[in-house]
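Let me begin by presenting the structure, written as structure tokens, before commenting on it.
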Amino acid sequence: MLSLWKQVLLLGLVLQLGFSLPQAAEDYEEEQKEDEAREDVTREEDRGPPTDVAVTTVSGTALNVSWEEPVEKPQYYTVEVTAESINEISYDTYYLLENLKPCTTYWVIVTSSYGDTVQYPGFPESGDTSAEVPPAPGSCNVADATNTTMRVVWAKPETSCLLRNYRLRWTWDSICTDEKGSNETEVESTSYILVDLPPYSNVTIEVAGSTVEGFGDSTFCWGLTAPGTRAPPRNVTVKTLSSSGLNVSWVPPDELPLYYQVDLSPNTYNASSKTSFLVAEGLQSCKNYVVIVRSVYEDSLIFSSSSSSSTTDISVPPEPAGCWVLGEDDFSEVVITWSEPPTECVIVNYNISWVFEDLWQGGLNGSGQNFTTREAITLTDLPPYSNVSVEVAASTEKGFGNATTCWGWTSQDVPGPPFLDFLEVQHDSINVFWSEPEEKNGIVDDYMIHWQDSEGGSFNISTGEAVDSFTISDLTACMTYAVFVQAHTGGGWGSESDADEAVITNYVTESSFKCQCQEARKVELTWRMASPDCPVSRYSLVWETDVLWLHQNSSNATTISGSDTSVTFTNVEPFTLFAAHLTPKGVDDEIEEYCSIITPQEEPSKPTGLEVVNTTTTTATVSWSLPEHLNGVLDQWHLTWSWKNDSGNETCLVASELQYTIEDLVPDTTYLVTIKAHNDGGYGEPEMVEVVTNAKYTPPLGLIIGLSVGGSLLLILVLAALGFYIYKRPKRQASEDESDSVNVEDEVRDTYSTDLSMGNEADYKPLTEKPNSSRCAGMARMWMVVSLLLLGFKLLSATEDFEEQQKEDEHMENESGEDYGLPKNLTVEEVGPTSLNVTWLPPTDADDPQYYSIIWDSQNEVSYETWYLVTDVCPCKTYVFSVRSVYPEFSSLPVTASGSTSSAEPPAPEACSLSEVTTNSMRVDWSKPDTVCLITNYSISWRLDSLWSDDEDSGDIIATNLYTDLRDLMPFANVTVMVAGSTEAGFGLPTTCWELTQEDKPGAPVIEDVSPDGGAISVTWSPPVEANGRIMEYEVVLQDKDGSYVNISVSGTDQTVLIEGLKECVSYTVAVRAMTGAGWGSLSDPLSTTTLGKIPLASVNCSTDHRNVKVCWMPAHEKCPAKQFNVAWVGVSSWANETLSGNGQVPWRYEEVCEVLEDTMPFAHYNICVAVDDNTDGGKCCSQVSPEEAPGPPVLTEVVVEGTTIIASWSDPVDKNGIIDQYVITWEDTMGVTGSDSVGKDMYTFAIRDLDCCQIYSVKVRAHTGGGWGEDSKAEEAAIPNAISDTICNSEGSRRVEVLWRLVSDGCLVPQYCLSWDTRVLWSQDVGSDSSVLDGSVTSFEISHLKPFTEVQACLSIVGGDYESICCSNTTEQEEPSKPTDLQVTDISSSTATFNWSLPENLNGVLDKWHLTWSWRNETVNGTDLDASQTKYTIENLLPKTSYSVNVRAGNGAGLGDPAEIDITTEDRSPPQNTGAIVGASVGVCLLLVAVAMGAYYVYKKKSRTPPSAPPSVKGSPVEEWSPEATHDTYSLDMYKRQQENYREQQNTTQKTGTRKGQEGTHGRYTPRSLSFN
């Protein structure tokens, strides 16, 4: 048995070993594999997928995916949404999925990426977007409308969220009546039937769906319930008639209305019609009109149709509302903007036409036209300072409308170079002449003249104004100067002109050239050269002489050596104008110098023709002529006459007298007369003549004797007659004679007076007896006197006749001597260059003649005056005048005098001719003016007018010869020359001649533009600047790349040509030349271009360059170059409602071209298109999103302090520059302690809590985008004030409470505290309140004068602080109450006493008991404590008829108060004594009461008989009853008083009016009746 067991055991061991060996082998292999895997894990255990992937809900359209990164950070993560085509890259451990659908579950896989192939995806995680309110239902329709119902059907909103129900609201408005109403309901289906609607009503329905977030937007629809028998028009149709008319037609309802009302909107157009159609006219074109037709019935019932619409036809638009021309900084550009025309029609494009005219040369005009769809255009290549007139017209499909006009100006540019015409050298000056710049480019307002000398000196000067010439003075001789000019406009200084050189040649200094006369008849010329550095070889000397007293002139010329400095002329006549012209020869500029001198006068020669023209006995008249040689200006004559060699007599005569009469001579005597002439040179030689006076006349002796005898006899006869008269006169007595004389006088007087007073009726008698004889005697005496007088006169007349006869005899003697009646003092005076005035005196030896005869210059004139004015004579000439007196019988001898006219302006030269004409010069010749006056010089004025340009020129030359040369003229110009001579009186009239300069070959034209146009080339040029004649023809020379030439002839009036038939993509060179009558000019500068074809682009790529967007492109064809690449771009911001657009041009080149859009908008989507020229079909586009940038600073809108919290509010940055994903708020206190916190992108408020008091915090905010953190906002400061930490209220006894407090910080004080407290007396419920403002330095306050057991609630706050008040409370201690009140005995007997009492006035606490004691004979008998609610007590077991003292005290927590005391005496138990007395007293009292009652009744009755006055009852109102018993009733008394007041008011009213209805008192006064009271 044992061996068997061992065998079994051994067999088991073998079997176990057999099983264990394979297992061991497997375990070994497994362990080896695990070791290998452990090694791999060691290498890759740091890499792996993200962990803790979480998808959280952000909103209805966004989920936030976050995760933890593995040990080894991958290069990036990919976030993939499996159900959507979303696969984004993130470099952070989060990603925000946006633009998702609400109420949707999204599965997200986040993968770690370590390269292109090594990726570790994480486990999918899901997240749900939240619910949002749904959008509006997609549609809403009304169907099955009846008179009162309609069905509303709508579409389900497009949302993934669960819809709870729909809200349906509807309103109706009856068209026929004023009925309106509304209703609403909520349903779960998408249809609903509206009921109980009024017929023919307009129903508006609003439908909105709801989710758990609420109701979303609504969709609206409208419907119309069916009408009754009266109905609106049906099938309203609107058709377009024209641009301003619509045809409206409809089907009438069953019951025809009165008329139809047709309304069109939006215009307030309405009209009525009784037919079923209407033509609406006067409407706006291209406008959609909504038409409603209404049926109008009686009672103003109106049924409106449903609306129908149509659009009026298209018309040409009106003119644009406004137009503006805006100048740019570039002088050649303006921007034209305009407003849309007021029309509803679609504007197809705009036609912009413009005309420009430069404002600086007045001839350069141009125009252009362009079409655009935009409302702005930029005009380029305009001349500077040009007036641009623009017309803008809009077009529709019907065509263009009227244009609006505007205008503007381009700015001025710097001018081109002026044209330096010529330099004119005069001595030490250079006259600079220039023409204004061809390209003025504005208003030339200044010129700068520059000059440089040959030694390197440089100078300039500004003219300060727009002139065309300037003189540079004080220059150095023998020096070469380079001169150029520069012009200035509002655009600045322009370019300089070409320099021209001028040499200041050696010249004779103007001050040194002198004409001197040191000796008689000798003139010496002296001069000096300006510089010894450049001597001249010779001089040309021209001299002219004019013998002023002969009017004889001559001209001579010679050449002298250049080394000479003086010349002497001899034998020059006296008083001669000597003029010399000295010109250096052999120099570049031969400058002529001039000097003149008049030689001194010499003594004249003796007078000629001296003779005796008449003699008398006492006078002699001599005459003479001018000397042969005046040798100057004759100023006087010196005349002498002598007799027998005595000293003789002399006189000086004026130079004009050529005759003189010597008076007071001795008859029959011989005189020697001498005369000599005088000028400034002195007296000349005398001329002599002998004069013999006539013998004196003696009358005959017989005549003398006869006259003497006759006179004596006559005298004797007169004397005898006188004596006879005296003798025969009657004699009277003296008295009688006196009486007679008196009477005669009286008679005469009386007679005269009587005649005067009474006429012929005077009554008087003559006073003389013989009046007639007296008169005769008087007459005789009168005639006697007259006879004597006649005799005396006769004798006197005889004597005068004798003397007269003697004079006549002498006259006859003179007449026979021819020396009678000569005019005296003949004078000739100069009046002007062509007039002389001849004056004289009448003859002194004869009567005035009949007239005078004047003979001069072979003319014989007559004058009846003593003067004669001679006009129209020649200037500068001497005339001799002879004047004689003419009598009827004879004429006197002539008297002679001479006079000279002054110098006058000469006449025009007789001829003027132009010869030797070239392209730039000509010679001018002329003849001397016909005048005897001395010509000093000639003025030659010329004017040039170019026939090929607007250029003009002019100049003046002074010459002494009869010819000159005009130089530096323009080719093919009209030259007008005027020549005028000059005398001492000035310049005379000119003679004019003209001629054309010859044409010259033109300059080169200027090619303005060579532009390809497909297989053609357009060439535009401007005429040559120097046309030099008429442009007859242009020749355009075209050369291709192979050297082949093509010549195209173009008319001289054209300046553009289109050369067609050329090959595409071939380079051509173009030049132009012009031809005038002188031949072909030079070729212009060549320009090259290449003909074009359709040029595409090979590629266009967009990328970013730092913060900007970059576009690169490559042209596809090298052989077809273009003008330019046109680049246009549009950028749409992803963070702002802003769009930027622009365009530009880049010169064409065959290579990759890259352009960076400067100042690209951050985080904006840019679409960029590139085309070559206008080949938009071959253009290509690309898109690029510009990088985000750091945002700008947020705007910190508010910083509010609330306690120890600062609440900061802000708004987004103005420049977000991307998507803002978070904000960071930072703060810093005055100690430099800082803090910060971040919030999400949608947070705009943050509270900074638990800040330290007594600190000032500076708060800033900054934002973050994908471009990084932006700038901090502007910091705002906020101060955290100190705060109250806590308060304690301590009760100090029963009547005081002390409030204590402390501040949070000791760093700063507070300004003031406000302590307020409320009190409540707990035992009386009295309440109160008070407050106090405390200084900020105190920390406690005592509230006093409180009542005991008062609850105090105290609250402390800081004045002006933002903290809440901090409060504490406490109760004052209790005090003993005061004594009870109202202690009294309510019942007493012989053994008991009952007391009651009231509470003490001041409980002073909580009443908890009463303490009652009673004593007898000052000893306390007993006492007890009663409950506080008990105020009544009965003391029992008292002794009868015993006195007790009872005390009651109140008790509270403070103890017992003062007692209230009362003394009582108990009753006796025995019956009462004196019963009879008591009964008697009782009966007496009753009787007394009865007596009192009867007395009162008596008084009452007495008062009822005499009641007090009362007011009468008012009519219609019953009198209130009144009884004596009511007198003690307050109400009755009051009523009585009111009745009395009413009575008084009525009485006052009656007294005022004097009447009362039904009542009238005596004399109109009302007497009230007494009232009785029942």
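Residue numbers for the sequence shown follow our numbering, beginning at 313 and rising by one. Yeah, the Cβ is synthetic: ideal placement off N, Cα and C, and Gly gets one too. All values reported here derive from a predicted model rather than from experimental measurement.
With a threshold of 16 other beta carbon atoms within 10 Å, Asp1268 falls short and is exposed. DSSP places Glu1142 in the strand class (E or B) of the three-state scheme.
With a cut-off of 8 angstroms on Cβ pairs, the segment 1557 to 1566 is not in contact with the segment 1644 to 1664, counting fewer than three such pairs. For Gln828, the uninterrupted beta strand (DSSP E) run begins and ends at 826 to 831, by DSSP. Taking the Cβ atoms as the reference, Cys827 lies roughly 6 angstroms from Leu837, within the contact range of under 8 angstroms. Per the coordinates, the alpha-carbon of Trp1635 lies some 13 angstroms from the alpha-carbon of Leu1658. In the structure shown, Glu342 falls within a helical segment according to DSSP collapsed to helix, strand and coil. Runs of beta strand (DSSP E) with 3 or more residues, each lying fully within the segment 790 to 855, are found at 791 to 801, 804 to 808, 812 to 816, 826 to 831, 834 to 838, listed in chain order. Judged by DSSP in its simplified three-state form, Ala1805 adopts helix. Measuring C-alpha to C-alpha distances from Val1378 to each of Thr1402, Gly1364, Thr1388 identifies Thr1402 as the nearest.
In the DSSP assignment, Ala932 forms a beta bridge with Thr927, Ile974. Spanning the alpha carbons of Arg463 and Ser530 requires a straight line of approximately 18 angstroms. Within the DSSP bridge table, the entry for Pro1459 names Gln1436 as partners. Contact check for Ala1705 and Ile1776: beta-carbon distance about 5 angstroms, within the 8 angstroms limit, so the pair qualifies. For Arg546, the closest C-alpha among the options Thr537, Cys533, Pro565 is that of Pro565.
Nearest neighbour of Pro1660 by Cα position, chosen from Asp1280, Gly1765, Tyr819, turns out to be Gly1765. Here the segment 560 to 575 does not lie against the segment 492 to 506, with fewer than 3 beta-carbon pairs under 8 angstroms apart. Between the C-alpha atoms of Ser1203 and Arg1196 there is a straight-line separation of about 7 angstroms. Selection Leu1615, Gln1665, Asp1770, Glu1610 evaluated against Pro1689 yields Asp1770 as nearest (Cα-Cα). Residue Gly1393 holds the alpha-carbon nearest to the alpha-carbon of Glu1338 among Lys1353, Gly1364, Gly1393. In the DSSP assignment, His941 falls outside any beta strand (DSSP E) and carries neither an H nor an E. If the five residues before and after Ile1774 are omitted, its C-beta is found closer than 6 angstroms to the C-beta atoms of Leu1695, Val1758, all from its own chain and listed in chain order. In summary, Gln1310 is buried, with 16 or more beta-carbon neighbours lying within 10 Å of its beta-carbon over all protein chains present.
Your pair Thr1304 and Ser1215 does not check out as a contact, with CB atoms roughly 24 angstroms apart and the cut at 8 angstroms. One thing to note: Val1182 has its Cβ no nearer than 9 angstroms to the Cβ of Val1207. In the DSSP assignment, Asp1268 forms a beta bridge with Ser1253.
Closest option to Cys1493, judged by alpha-carbon separation, among Ala1440, Ser723, Val1465: Ala1440.
When the alpha-carbon of Asp780 is set against those of Pro844, Trp763, Gly1767, Trp746, the nearest one is in Trp746.
Beta-bridge annotation (DSSP): Ala1297 is not paired with any residue. No residue range can be given for Tyr403, since it is assigned to no beta strand (DSSP E) and is classified by DSSP as neither H nor E. Between Arg606 and Asp575, the C-beta gap is smaller than 9 angstroms, which places the two residues in contact.
Residue pairing for Ile742: DSSP places it in a beta bridge opposite Val737, Ile784.
Under the 10 Å beta carbon count, Gln864 is surrounded by fewer than 16 other beta carbons and is classified as exposed. Assignment of Glu610 by DSSP, reduced to helix, strand and coil, places it in the helix class.
Within the segment 455 to 500, the complete beta strand (DSSP E) segments at least 3 residues long are 462 to 466, 477 to 486, 492 to 499, listed from N- to C-terminus. In terms of CA proximity to Thr552, Val602 leads the group Asn376, Ala1448, Val602, Asp1160.
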